[in-house]
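Protein chains in written order, with this note's numbering: chain A, 927 to 1490; chain R, 927 to 1490.
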């Protein structure tokens, strides 16, 4: 709080008078809707990016192509100043060239399998016996497997249980769910989903705390001359390929490079081989894992472009929109977060094709490194807006920095005073049903007025709750108005998130058109209104201190009767 | 009808008095339920058959293993006379040894793909350019592609459209649906689903009528020296592998052997490559299709075993239970029709382990060749019970015989007089909710009485409607009481039927236990009651003839005023 008072620009933004009525331009609403629904290019952007460039793992050659392609496209549609901006150094580039898994004995079967990200290459197909090794947790566990793994393919981990009743694939938020989201949570629990920054580090310590041992297991398997490791992940034609399945979170760093080739395989394949081995039936597989490393310490880049502001007094002020351009690799990252990327591009295209002259500058940021630690957007925020101060608790050595508790309020940079707001979409392909206002009570009425003419598009709900896990978070951490839209969930959590099913066919063209129109309108409104958007309180405002002298019979040092 | 009167044995069965009240043994119901629910082996049968033996394509070495394994298991559980019985000559044996498809250009991708049944081998991996060829329908279509296909992989057929809203995977029949099934259809439409035998041949002629041209297309591709063909089938991690996707229904016959290697691939992979080629992006893939042919003109076998009858007057009479042991190959045939197989085996095991002494003989028939034409069960019926007379309309030359219209009533054989009934289960893993009585009105009250004590298991509904597409049909065609149970649909039609998702994990253990208990009870009741089950009318009773002389003013030759 103290910090906010000191910062002229920020204090101005917080203190700017906010009119009770928004002066929205309904003619512009009509033009944006017409362009976005009747002359959309969002699915063409999608096909070129997902089908042609394909998956975009941070640091990979395909990521580089995607950066360059987005820069070109943004220039082609009429944006100014389209460029790539480094957010810092990343680890190794990596590409899956090919992967397959076939059972040879007791009988032939074709299994669903892909390389885990940053898996070393196994080269050409290798045929080997399979051995089942349950999760190893201690040095003693490792010792028991010494001398037993040479030349084997390891079926590693706990066998997943699959309920024969599948979850419904498709979910839509209904009126009751949205009404609930629109209610301020009087119990004080503001988090709707996956809020990253937390004072309770136990979850993250649990997730990252055994990295060293995980790496030790991989090195042990390699030292024992095992051929490869197969881990289960996903069922029903879905396999999940994020680094939660690898031997450590930091496998993209050369100093943590995974020691043994690994594939993630369908739970049904894992189950079949597990049951056979449990019944003492020998299992042999033919495994192919072809991967390629392409460099180390490469810079990671965001793609940035603008529609310049036209009001001499406001043109240095900025409203931003974005999504992350990077993805995992089993699919093509169409919904995570290709959808957010092409919707933001299409919103910019709608505005440029209408020839709008916004008062403030409208800027798109397409981030990378999101999947490994929100690197692109937090690097951008650090460089432009605020310096973060994290706690550096030794217990959190393995926890990525952006997940750590802040030790002090961020130190704001002058550019922070110019940012009106940031809008993000990263919950799949579902249409926009509202927006998470992230505890920024001042903004609710503004957004409600913007949304009133969008009711027929299903855009109805302002929730004061927080949502997390993506690129608006660094903005919020810096006390800047960063917002994620409320999206219809569809099959994001049940099917596409971080899986081989995250492909073009999972996109809903009509929902993506709707989202593009709404993003364009939000950008336009933010760029045109007289005042900047109201800001939230800076982080580190702290918790309420207990009142003192409240209980007449309380002792000063807490010892009963000490006063006597 | 006339035929029925002539056949002593059949007439006796049809004419046997049927008491109004069934004399069921509730103590035996309890014992069967206890054995079936508390000491079930149905899932162990499942794992051994699906995980170890794997898919069981008719004519394949795995099919032979499955025949032998079922014979051994039926003997081991205490059945008598377990043996394999030929149903006639089949075509070529075939095994998929391995299959994979990877995109190389414009970027790497791992696609979901498997060989289509009886595809020739491509041998080791071949890398080639992809060319898109839409469905060819005429010689002119073929001519247009001459000289353009050498060395190419062909993406063949119409690009499937995928709705981003997936169908619900799981379906359960509710009370209203079952109540509807239980109502006699006063509009005369007796068919609930897929009734094969029909006087309207247009559907089948449509399906099979262009076989010759389909084969011509494959031969054209081969003559043009194309490398392989990729056809779309299935979405969302599912690929479908029956011969509806191959170049002709009869690819298992040496004289119709497919001329070119083929894989069925996920619709999403087909879509991605189609969109790229439409955008003039060259596509290169690496394809591996390793298949093996293992013989021709081999006999097809059913596995048969019995619990001998103990009543000297009735022991030559038989009640049968079954399912088909063969399957397609992308999965392991766990639900189609592994479920029916292991439930029938478990029903027999329950009865043998309880040491029952049935009055009539209880016989299990595990059929093969079902997927190619219900060959096993219709061969069995032809050999033992009735000779069929089909129309042999030249227009139906390509339509399999069992689908053709009957030209005359079947000629019954003496053994037909001894068959009381046949029970079949072949609609997936879902529990039994009732039974289709196939228009046999005499049997409704009997089954209702048997089912009354099974209401708590969900077994409630007798439907007089017909159901089709599986092994009870030949019994019905011969005028014998052959029944298929009503099953809870679950994810059979949405996910597992003829797909790579038809695996052990898709089985519902609790539903399979329920089905085993109910089959055992139905077998026991049929074997123990005084009379055989009432029979339906023989086929070919014909339709009602119009009454004559009904309209006073009608002329004899239909010419108005001719009478004057």
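In this text, a Cβ means the ideal position worked out from N, Cα and C, and glycines have one as well.
Taking 7 Å as the upper bound on Cβ-Cβ separation, chain A lies near residues 1088, 1090, 1091, 1092, 1094 of the segment 1067-1094 of chain R. Annotation: the continuous beta strand (DSSP E) that includes residue 1315 (chain R) extends over 1312-1316.
For residue 1023 (chain A), the C-beta contacts it makes with chain R under 9 Å involve 1028, 1030, 1034, in order along the chain. Taking 8 Å as the CB threshold, residue 1265 (chain A) stays off the interface with chain R. Note on residue 999 (chain A): 16 or more other CB atoms within 10 angstroms of its CB, so buried under the neighbour-count rule.
Taking the Cα positions, residue 1220 (chain R) is about 27 Å away from residue 1158 (chain R). Within the same chain, and ignoring the five residues on either side of residue 1428 (chain R) in sequence, the residues whose Cβ sits closer than 7 Å to its Cβ are 1257, 1258, 1259, 1260, 1261, 1262, 1422. Under the Cβ criterion (8 Å, minimum of three pairs), the segment 1264-1274 of chain A counts as touching the segment 1440-1449 of chain A.
Your pair residue 1336 (chain A) and residue 1394 (chain A) does not check out as a contact, with CB atoms roughly 17 Å apart and the cut at 8 Å. Taking a beta-carbon distance threshold of 8 Å, residue 1038 (chain R) counts as an interface residue toward chain A.
At a cut-off of 8 Å between beta carbons, residue 1417 (chain A) contacts chain R. A:1084 is the residue among A:1191, A:1084, A:1200, A:1192 whose C-alpha sits nearest the C-alpha of residue 1061 (chain A). For residue 1432 (chain R), the residues of chain A that pass the 7 Å Cβ criterion are 1090, in the order they occur in the chain. The beta-bridge partner set that DSSP reports for residue 1026 (chain A) consists of A:1214.
At the C-beta level, residue 1369 (chain R) and residue 1460 (chain R) come within 8 Å of one another. At least 8 Å separates the CB of residue 990 (chain R) from every CB of chain A. In this structure, residue 1431 (chain R) and residue 1141 (chain A) do not form a Cβ contact; the two beta carbons are roughly 31 Å apart against a cut-off of 8 Å. With respect to the 8 Å criterion, residue 1348 (chain A) and residue 1401 (chain A) are classified as neighbours on the basis of their beta carbons. Close CB contacts of residue 993 (chain A) within its chain, under the 6 Å cut and outside five residues either way in sequence, are with 1010, 1227, 1229 (chain order). Below 8 Å, too few C-beta pairs join the segment 1236-1250 of chain A and the segment 1312-1321 of chain A to call them touching: fewer than three.
By the criterion of at least three beta-carbon pairs nearer than 8 Å, the segment 1278-1295 of chain R is not in contact with the segment 1383-1394 of chain R. Straight across, the Cα-Cα distance linking residue 1354 (chain R) with residue 985 (chain A) is about 46 Å. According to DSSP, residue 1228 (chain R) shares a beta bridge with R:1011. Non-local beta-carbon contacts of residue 1077 (chain A) in its own chain, meaning distances under 8 Å to residues more than five positions away in sequence, involve 1054, 1055, 1151, 1152, 1153 in chain order.
Per DSSP, reduced to three states, the secondary structure at residue 1189 (chain R) is strand.
The continuous stretches of beta strand (DSSP E) do not include residue 1416 (chain R), and DSSP gives it neither H nor E. Among the residues of the segment 1208-1229 of chain R, those with a Cβ less than 8 Å away from any Cβ of chain A are 1212, 1214, in the order of the chain. A direct Cα-Cα distance of roughly 21 Å separates residue 1247 (chain A) from residue 1463 (chain A). As for any alpha helix (DSSP H) of minimum length 4 sitting wholly inside the segment 1383-1414 of chain A, the runs are 1399-1403, ordered along the chain. The C-beta separation of residue 983 (chain R) from residue 1043 (chain R) comes to about 6 Å, placing the pair in contact by the 8 Å criterion.
Contact check between the segment 1298-1316 of chain A and the segment 1339-1346 of chain A: three or more CB pairs, one atom from each, fall below 8 Å, which counts as touching. Contact between residue 1414 (chain A) and residue 1359 (chain A) holds: CB atoms are separated by about 6 Å, below the 8 Å threshold.
Residue 1032 (chain A) carries a coil assignment under DSSP once its states are collapsed to helix, strand and coil.
Look at the segment 1168-1180 of chain A: it has no residue with a C-beta under 8 Å from a C-beta of chain R.
In this structure the segment 1013-1027 of chain A does not touch the segment 1273-1287 of chain A; the number of beta carbon pairs closer than 8 Å is below three.
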